[in-house]
Every structure is written in structure tokens, then in C-alpha cells.
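Have a look at the structure below, then the notes.
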Amino acid sequence: MPAGSVPPALADWVAAVARRTRPDRIHWCDGSDAEYDALLALMEADGTLIRLNPETHPGCWLHRSDPDDVARVEHLTFVCTRERDAAGPNNHWMAPDEAHAKMDALFEGCMRGRTMYVVPYCMGPIDSPLARCGVEITDSPYVVANMRIMTRMGAAALRRIEREGRFVRGLHSLGELDPERRFIMHFPEELSIQSYGSGYGGNALLGKKCHALRIASWQAREEGWLAEHMLIVGIQTPRGDTHYVAAAFPSACGKTNLAMLIPPERYRERGWKVWTVGDDICWMRPSEDGRLWAINPEAGFFGVAPGTSAKSNPNALAMLQRDTLFTNVALTDDGQPWWEGLDDRVPAFDWQGRPYDPANGPAAHPNSRFTVAASRCPSYSPHAEDPQGVPISAIVFGGRRASLVPLVFEARDWTHGVRIGASMASETTAAATGQVGVVRRDPMAMKPFCGYHFGDYFAHWLSFDRPGARLPKVFHVNWFRKDADGRFLWPGFGENMRVLEWIVGRVEGSAGAVESRLGPMPGRGDIDLAGLEDCDFDALMQVDPEAWSKESEEARGFVEGLRPGLWRQMG
Ligand code: O2Y
Ligand code: MN
Numbered sequence: 004m005p006a007g008s009v010p011p012a013l014a015d016w017v018a019a020v021a022r023r024t025r026p027d028r029i030h031w032c033d034g035s036d037a038e039y040d041a042l043l044a045l046m047e048a049d050g051t052l053i054r055l056n057p058e059t060h061p062g063c064w065l066h067r068s069d070p071d072d073v074a075r076v077e078h079l080t081f082v083c084t085r086e087r088d089a090a091g092p093n094n095h096w097m098a099p100d101e102a103h104a105k106m107d108a109l110f111e112g113c114m115r116g117r118t119m120y121v122v123p124y125c126m127g128p129i130d131s132p133l134a135r136c137g138v139e140i141t142d143s144p145y146v147v148a149n150m151r152i153m154t155r156m157g158a159a160a161l162r163r164i165e166r167e168g169r170f171v172r173g174l175h176s177l178g179e180l181d182p183e184r185r186f187i188m189h190f191p192e193e194l195s196i197q198s199y200g201s202g203y204g205g206n207a208l209l210g211k212k213c214h215a216l217r218i219a220s221w222q223a224r225e226e227g228w229l230a231e232h233m234l235i236v237g238i239q240t241p242r243g244d245t246h247y248v249a250a251a252f253p254s255a256c257g258k259t260n261l262a263m264l265i266p267p268e269r270y271r272e273r274g275w276k277v278w279t280v281g282d283d284i285c286w287m288r289p290s291e292d293g294r295l296w297a298i299n300p301e302a303g304f305f306g307v308a309p310g311t312s313a314k315s316n317p318n319a320l321a322m323l324q325r326d327t328l329f330t331n332v333a334l335t336d337d338g339q340p341w342w343e344g345l346d347d348r349v350p351a352f353d354w355q356g357r358p359y360d361p362a363n364g365p366a367a368h369p370n371s372r373f374t375v376a377a378s379r380c381p382s383y384s385p386h387a388e389d390p391q392g393v394p395i396s397a398i399v400f401g402g403r404r405a406s407l408v409p410l411v412f413e414a415r416d417w418t419h420g421v422r423i424g425a426s427m428a429s430e431t432t433a434a435a436t437g438q439v440g441v442v443r444r445d446p447m448a449m450k451p452f453c454g455y456h457f458g459d460y461f462a463h464w465l466s467f468d469r470p471g472a473r474l475p476k477v478f479h480v481n482w483f484r485k486d487a488d489g490r491f492l493w494p495g496f497g498e499n500m501r502v503l504e505w506i507v508g509r510v511e512g513s514a515g516a517v518e519s520r521l522g523p524m525p526g527r528g529d530i531d532l533a534g535l536e537d538c539d540f541d542a543l544m545q546v547d548p549e550a551w552s553k554e555s556e557e558a559r560g561f562v563e564g565l566r567p568g569l570w571r572q573m574g
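Per my numbering, the very first residue in the sequence shown carries number 4; after that it's consecutive.
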């Protein structure tokens, strides 16, 4: 037990878990540097971690997961509410009694021979009223090391838990890493999570998707706030004002790249700057001034490595040079991490540690990851840790659509914005599903992460439109539209700044727009296209009325299928 007092509810729960799981040892994590170093040494000794080249990548490590355990498992992820309807058709549901019986049997004796780590953590700045605490019990030191980077973990979190008395209980075991004995269960009514049989990412770092989205979205509805799958950036204008924008994109649509965007030189010269607050999750709460104030509940980035390059994300490359845990990337012959899209070197070993052979597929797993402290990001906002959060001026929804959806348009008002978010659909990528190019409905990019009924979720969003509210403007973007030959119509990456400039201009009231049936859109003269002579702006913005009507009809059918009458309430 740690020095100082442990809330009895926490001590009792830890004791009960130990009685069931039978660990050889219990370690209460304090979050110290010494503890982190000891964990790394332990994992180096047992082969869980490989030290990367200390000359080029000091403090960096490679972990290779089980080859059958490389991504989130949506089909094994359940929301276990007393009433099936509360979880909604958007979640796999299991009755809590049945789920507990199943999990109790799996956890029985599963930590024999292992150490049980007790990880108190805080999602959000430790002194923020918007932050929430949890405790993850796990038998994976790799999970502990990741949680230390991704959350505020250790003694300070334990003190806050002691003060508040309320925390989310997360129980995790690697089990046998058998895909047949793998479940990720959420019990929002009990504020608890149980995860068995996977050591990977969203399945195992319970503070992230399980707590900060599925459980938090439930808590947010009860308490009047929003827990969203959104990045947060601050956009500083040449006048020195910073507007904060939250943006929701389905997994693998470049959220991390947008969160760390470096404006093109022309913009930088004029004084534009993009500040990173978060790359994946945003908690927003209406404040007394009527605005939504947001925090990033995470303290680090768990980003996809493949595709990260000097072109797509120079800030990420800079921060990955030291103190980073890599998972399932390839290795060069001199022990450097490597992934597809990084550069033209040829790796020596693939993600499974085999000598690299292109016949075996990509060298790095498509869902290979880096875990790194947010503070290592060169564009990390000086306001990212402000306890009150940052005020959100615009919300941007987006998807990956090769056709139909224009580069950018604006919602007429909040309710229309909710309709746009609820109508979101995106093409799948290899990293997300293994299937490529299938259009999947993903409202507000929350399909895998909303911990309750989507109909109730949209109604919750609508409820923010009330007297005195000064809600953000809402936009929709699509960076991925292609021409008839399959070439991208928009250059993307840093050039997305042009669209952000228009969005900021709309927020400030200085940018023009033309009206369209979708909502206001930039006309040719409203958006900076200088130097993009090859860009077919008309093709980018063109909307086929018939195809759009069909798309809207599908979205209407989807929303009305959730809760009849809801579509009409959405503007
Ligand atoms: O596959 C996983 O376990 C990771 S999923 C993930 C990780 C970081 C940020 N976003 C996601 C996601 O799927 O949205
Ligand atoms: Mn995500």
C-alpha cells in the first residue's frame, strides 16, 4: 500500500480483485521516474521491450505485441447496461449479470505468477474541474508504462481520488492473449471497465477509449457536458488572437497530423501559428460565459506510425526522436524505428522481428503506434494544461470521401450542425478495419466509442442550444475527394491551413461565403488558393444534387431509425 491513506472503497476493491486474480505481488504505482525506469529495465530483461539506438533515439523502446493482438476489437467490445435500450443499436450489449459471470470466470487466478499493478490516474490536468479520475488494475507492465505517458498517473491522482471519493474502476489482464478469450466490457452504471485477453492500445490502456470516451460519454450526459472523439487546436491569427477548434474525424483520417499542422511558409510569415492541445479526445463543458470550454483528458499521444513523415507531420517526427515507446514498428539494421512512409530506407526487421521480406507484407504493422508525452510536441499549446480548459470557437466534422462531399461547408446553426455530425460517414482504411474504401456510417466519429444509445446522444447534443448559450460554429470538411482518375483533388497536410483560415474568418465574421443547400460554402474568392493553380476548386466544391439527396435520405433513415422524430429536431 502507498504511504498516506488509501480510500477504503479503493483498498477493498483492490483486495477483492487480488483474491480473485491471485497475483504473486501487488505494486501500487506512484508515477515516479524511478518507478518508470525500473519498469523499463524489467521489460528489457524479459524481452517485452527492445532498446532502440541510443545515439539516434535516446530513451526510445520497441514493443512487439502478440501478432493476434494488434488493434481494437469492436466485435468483442460490449456496453453492459441493465436495459438493452440504454446501450442502443450502436453498441454490442450484454446483460451486466451475464458479463460479470463471464469476466469473473476469466479473471479467476489469471495473475498467478504475475505482478498486479494498481494504477491511479487522472484524465485531464490534475487541478482541472473538468478532469476525472480512474484506477486501472493490470498485470501488464507495458500497459503501466503507456498509462504513465498517456495520463497523469500516480500519487497526485491518488490524492485527488481520496478527496473526491469517486473513480472509474478498470480491471485488465493479458490473460492468455487468446482471441477466443478476449472481451472488453463497459459497465457505465457502475463506472467500471473490465478487459481481458488483449495487451494492445484501446483494449488495454483503459484510460483512453474505454474511460475517456465510452464511460465519460455516459457521465457527460448525466452531468451536462460532452466527451468527444476530437482533436483540439488553437489557431493563432496574425492579429495575435487564438481561436480554438475541435475536430472529429473517424479513426485513421489524419487527426494527429491536423492537430500538429505547421502552416505553410506564406502563413507563418504573416504570423499564423497552430497550437496543439490534443489529437484524439476532447471533453467540453458549457461555462458561465455560455461558451464551451474544453480540455484534452490525455497527457500523451498514442499515434499511428505509418504515414508519419517529414511531409505529413514534421512536429511528430521531432517529438519521436526521444523518450518514446514504439509498438509493432519495423527496425533498421542500426536499431532505429521505421515504418512505411517514413523515408526510403529499407528496414532490416519487420514488426514481428523477422528479417524484412516484402513478400510478408508491410514492414511495420499498419496499426503500429508511438506513445509519447504531449509535452514533447514542439507545437504543444501553452494553454493545453489550463485547468479551466480553452474556449471552443468552432467544431469541425470530417470524413474520408472520394466523391460527393465538398472540401468544406458550414452549418446554418447548432441544430443543423448536429444533423451534419449525425450524418457523418467515412471510407474505411486498412489501419481501422482491414477493409479499404467501404463507406461506413460514423456519426461524430463516435460509432465505436459512444457508451450509450446514439439517439439519446444526438438529443444530448441538441440540448446545448439553450438561452444564453454562445455555441461554436459547426463545419464539415473532406480532404480526401478524388478526381475521375483517382487522384486527390486537394493537396492536404499543411495546405489544410487554407481551410482553417476560412473557418477562422467565418468565426470572426470576416470571411465571405455563398449559400448552398448544404449551408454556407466558400466561393472562389473567399478562400486563399494562391499557388494552387492545378487545383480544380470547382470540382472540389461541386455537389451532385441527386446523389446528395440520396445521401441525406440515408442519413435521415438512420437517425429516424434510432428515435423517430429526431431528424426533424435537427434543423
Ligand atoms: O487500435 C488501437 O487499439 C488503437 S485505436 C486509436 C488509438 C489512438 C487514437 N485513436 C484510435 C482510434 O481508433 O480512434
Ligand atoms: Mn481515435
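All C-beta atoms in this analysis are idealised placements derived from N, C-alpha and C, irrespective of residue type, glycine included.
- Message: Please report the distance separating the alpha-carbon of D142 from that of F110.
- Response: On the sequence shown, residue 142 is found 139 positions in, with the first residue counted as 1. On the sequence shown, residue 110 is found 107 positions in, with the first residue counted as 1. Spanning the alpha carbons of D142 and F110 requires a straight line of approximately 11 Å.
- Item | Alpha-carbon to alpha-carbon, C83 and W115 | On the sequence shown, position 112 is the one that residue 115 refers to. On the sequence shown, position 80 is the one that residue 83 refers to. The residue you asked about is not Trp; residue 115 is Arg in the sequence shown. Those two C-alpha atoms are separated by around 28 Å.
- Message: With three or more C-beta pairs closer than 8 Å as the rule, is the stretch 85-101 touching the stretch 447-456?
- Response: Three or more pairs of CB atoms, one per stretch, sit closer than 8 Å, so the stretch 447-456 contacts the stretch 85-101.
- Message: Helix, strand or coil, according to DSSP, for F110 in the structure here?
- Response: On the sequence shown, position 107 is the one that residue 110 refers to. In the structure shown, F110 sits in a helix (DSSP, three-state: H, G or I).
- Query: Can we say the stretch 182-191 touches the stretch 147-167, given the rule of at least three CB pairs closer than 8 Å?
  - Reply: As far as the Cβ criterion goes, the stretch 182-191 does not touch the stretch 147-167, which means the pair count is below three.
- Task: Mind checking which residues open and close the beta strand (DSSP E) that includes R288?
- Result: Numbered from 1 along the sequence shown, position 285 holds the residue referred to as residue 288. C285 to P289 is the span of the beta strand (DSSP E), which, as asked, contains R288.
- Query: Which of helix, strand or coil does DSSP assign to Q222?
  - Reply: If you number the sequence shown from 1, residue 222 lands on position 219. Here Q222 sits in helix by DSSP.
- Beta-carbon separation of V147 and C32 under 8 Å? The residue given as residue 147 occupies position 144 in the sequence shown. The residue given as residue 32 occupies position 29 in the sequence shown. Contact: yes.
- Secondary structure of I152, DSSP reduced to three states: Looking up residue 152 in the sequence shown gives position 149. Reduced to three states, the DSSP call for I152 is helix.
- Message: Short of 8 Å in beta carbon distance, which residues of its chain neighbour P26, apart from the five on each side in sequence? Order them along the chain.
- Response: In the sequence shown, the residue the question calls residue 26 occupies position 23. Same-chain partners within the cutoff: M114, R115, R117, T118, M119 and D142.
- Query: CB-CB under 8 Å to A3, same chain, minus the five flanking residues each way: which ones, in chain order?
  - Reply: There is simply no residue 3 to check, as the chain begins at 4 and stops at 574 in what is shown.
- Test item: CB-CB of A405 and P253 under 8 Å: Working through the sequence shown from its first residue, we reach residue 405 at position 402. Working through the sequence shown from its first residue, we reach residue 253 at position 250. Not closer than 8 Å, so no.
- Query: Distance, Cα to Cα, E343 vs V236?
  - Reply: Taking the first residue of the sequence shown as position 1, residue 343 is located at position 340. Taking the first residue of the sequence shown as position 1, residue 236 is located at position 233. For E343 and V236, the distance between alpha carbons rounds to 27 Å.
- State buried or exposed for P470, treating a residue as buried only when at least 16 other CB atoms are found within 10 Å of its CB. Position 467 of the sequence shown, counting from 1, holds the residue named residue 470. Around the beta carbon of P470, fewer than 16 other beta carbons sit within 10 angstroms, so the residue counts as exposed.
- Can you tell me whether S429 is buried or exposed, with buried defined as 16 or more other CB within 10 angstroms of its CB? Here residue 429 refers to the residue found at position 426 when the sequence shown is read from its first residue. By the C-beta density criterion, S429 is buried, having at least 16 other C-beta atoms within 10 angstroms.
- Task: Figure out for me which residue from M263, G564, P361 and D282 has the closest Cα to the Cα of L320.
- Result: Translated into the one-based positions of the sequence shown, residue 320 becomes position 317. For L320, the closest of M263, G564, P361 and D282 by C-alpha to C-alpha distance is M263.
- Query: DSSP state of I53, grouped into three classes?
  - Reply: Taking the sequence shown and counting its residues from 1, the one referred to as residue 53 is at position 50. Of the three classes helix, strand and coil, the one that applies to I53 here is strand, per DSSP.
- Query: When a residue counts only if its C-beta is closer than 6 Å to some heavy atom of the ligand MN, which residues count, in chain order?
  - Reply: The set of residues whose C-beta lies within less than 6 Å of a heavy atom of the ligand MN reads, in chain order, H232, S254 and D283.
- Query: So, are the CB atoms of D529 and G515 less than 8 Å apart?
  - Reply: The count along the sequence shown starts at 1 and reaches residue 529 at position 526. The count along the sequence shown starts at 1 and reaches residue 515 at position 512. Between D529 and G515, the CB-CB gap stays under 8 Å.
- Task: With DSSP collapsed to three states, give me the class of V332.
- Result: Here residue 332 corresponds to residue number 329 of the sequence shown, with the count starting at 1. DSSP places V332 outside both helix and strand once states are collapsed to three, so it counts as coil.
- Anyone know if the C-beta pair for R580 and G293 falls short of 8 Å? Because the chain is modelled from 4 through 574, residue 580 falls outside the range shown and cannot be assessed.
- Task: Under the assumption that W278 contacts M500 (Cβ atoms under 8 Å), give the Cβ distance between them as a whole number of angstroms.
- Result: Numbered from its first residue, the sequence shown carries residue 278 at position 275. Numbered from its first residue, the sequence shown carries residue 500 at position 497. So it is not a contact: roughly 13 Å between Cβ atoms.
- Task: Measure the alpha-carbon distance for T24 versus G112 and round it to whole angstroms.
- Result: Taking the first residue of the sequence shown as position 1, residue 24 is located at position 21. Taking the first residue of the sequence shown as position 1, residue 112 is located at position 109. Roughly 4 Å between the two C-alpha positions.
- Run the proximity test for G34: is its beta-carbon closer than 7 Å to any non-hydrogen atom belonging to the ligand O2Y? Along the sequence shown, one-based indexing puts residue 34 at 31. Not so, every heavy atom of the ligand O2Y lies at least 7 Å from the Cβ.
- Item | Distance between A414 and V517 (C-alpha atoms, nearest Å) | Within the sequence shown, residue 517 is the residue found at index 514, counting from 1. Within the sequence shown, residue 414 is the residue found at index 411, counting from 1. Just so you know, the alpha carbons of V517 and A414 end up roughly 12 Å apart.
- the stretch 128-145 contacting the stretch 386-406, beta-carbon criterion three pairs below 8 Å: Yes, they touch.
- Item | Given 8 Å, three or more beta-carbon pairs between the stretch 396-412 and the stretch 308-320 | Contact between the stretch 396-412 and the stretch 308-320 is absent, because fewer than three Cβ pairs lie under 8 Å.
- Which one of A367, H232 and D282 has the shortest CA to CA distance from S378? For the purposes of this step, residue 378 is taken as residue 375 along the sequence shown, with counting starting at 1. Of A367, H232 and D282, the residue nearest in Cα terms is D282.
- So, do the stretch 215-228 and the stretch 155-163 have three or more beta carbon pairs nearer to each other than 8 Å? Counting Cβ pairs under 8 Å, fewer than three are found: no touch.
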